[in-house]
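There are 2 protein chains.
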Amino acid sequence: MADKSELFPGTLDMLILRVLSRGELHGWGITNKLEQLSKSALQVDEGSLYPSLYRMEDKGWIEADWRMTENNRRAKYYRLTRAGRKQLEAEQAQWDRMSAIIALVLHSA
Amino acid sequence: MADKSELFPGTLDMLILRVLSRGELHGWGITNKLEQLSKSALQVDEGSLYPSLYRMEDKGWIEADWRMTENNRRAKYYRLTRAGRKQLEAEQAQWDRMSAIIALVLHSA
DNA sequence: CCTCTTCCTTAGACTGTCCATGTATGCAAA
DNA sequence: TTTGCATACATGGACAGTCTAAGGAAGAGG
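Structure, rendered in structure tokens:
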């Protein structure tokens, strides 16, 4: 990931699902969107991004088709499936739960 | 880890360091303390705990010696080193940074 | 005795990230 | 027209860290 701020394994899927929940995008676009949304804190490694996309496609959380971008290039546009939406909700809930627990431990007297 | 709520790789070290920053403890005690502090949300797997302890000992973040517990058993008591304290601060800062970023992405309009 | 609890140890599988590298093509500048 | 840059996808291999699973030893208490 980005400048020494590695992502916690497992969170990349969630972040991608979240970005896709705002509308379909191709891989390259996802990278840019994540960088933009995180105010440059996240620069997704392509070696993490694409495997993640394939995994999620296999699992049926996202689906894709090839189209042309506004830059006139071939690109694979991904979008959430219904299962993907459920998955996002679940992961988000799980994240909230776990980060609350961690905060609890970290800030306990 | 615990009832289907797996920890994010990397966070276990931080949680252990945090627990040890409250006072020395042996492995078994760390498990219990984490469970207690997290209100039973975390049940640390021993196959994760001990490798983590050995890693951190190698890195010089913690040190240990064998003693007897109040239950009259041999146990290895771990405590933070100065380096461990610095490490904890760093990881905690990193955690705060990353979780803020993730929250930003998750909750962006 | 016999079982339960405390306590530590380690091998092996698995998952997911990172690094590095490769491909292809559109477009603009030199 | 050729050179270089930006866009876009793909993939092998290394590596770190977790989980599953199994085992061992020894005190406490029935």
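Residue numbers (our numbering), protein chains in the order written: chain W, 184 to 292; chain P, 184 to 292.
Even glycine gets a Cβ: it sits at the ideal position worked out from N, Cα and C.
Residue i, enclosing beta strand (DSSP E) - first and last residue
i	result
Ala295(P)	The structure shown does not extend to residue 295(P), since chain P is modelled only from 184 through 292, so no value can be given for it.
Arg257(P)	257 to 263
Terminal residues of the alpha helix (DSSP H) in which residue i lies
i	result
Lys216(W)	210 to 220
Arg322(P)	This structure cannot settle anything about residue 322(P), because the visible part of chain P is limited to 184 through 292.
Glu229(P)	229 to 241
C-beta contact flag for residue i and residue j at 7 Å
i	j	result
Glu253(P)	Thr264(P)	no
Glu207(W)	Tyr260(W)	yes
Arg266(P)	Trp244(P)	Here the sequence assigns Ala to residue 266(P), which means Arg is not the residue at that position. Against a cut-off of 7 Å, the Cβ pair of Trp244(P) and Ala266(P) comes out as a contact.
Ser235(P)	Ser282(W)	no
Val294(W)	Leu198(P)	Any property of residue 294(W) remains undetermined from this structure, which presents chain W solely from 184 to 292.
Leu195(W)	Leu271(W)	no
(request) Name, going along the chain, the residues of the region 220 to 241 of chain W whose beta-carbon falls closer than 7 Å to a beta-carbon of chain P. (result) Leu220, Ser221, Ala224, Leu225
(request) List in chain order: all unbroken alpha helix (DSSP H) runs of 4+ residues lying wholly within the region 260 to 290 of chain P. (result) 265 to 289
(request) Answer yes if the region 219 to 228 of chain W comes into contact with the region 269 to 286 of chain W, meaning at least three C-beta pairs across the two stretches below 8 Å, and no otherwise. (result) no
(request) Could you name the residues of the region 194 to 209 of chain W whose beta carbon sits closer than 7 Å to any beta carbon of chain P, in the order they occur along the chain? (result) Thr194, Leu198, Arg201
(message) Does the contact criterion of 3 or more C-beta pairs under 8 Å hold for the region 191 to 205 of chain P versus the region 224 to 233 of chain W?
(response) no
(message) For the region 250 to 265 of chain W, list every residue whose C-beta sits within 8 Å of some C-beta in chain P, in sequence order.
(response) none
(request) Below 8 Å between beta carbons is the criterion; list the residues of the region 271 to 285 of chain P that meet it against any residue of chain W, in chain order. (result) Gln275, Gln277, Trp278, Arg280, Met281, Ser282, Ile284, Ile285
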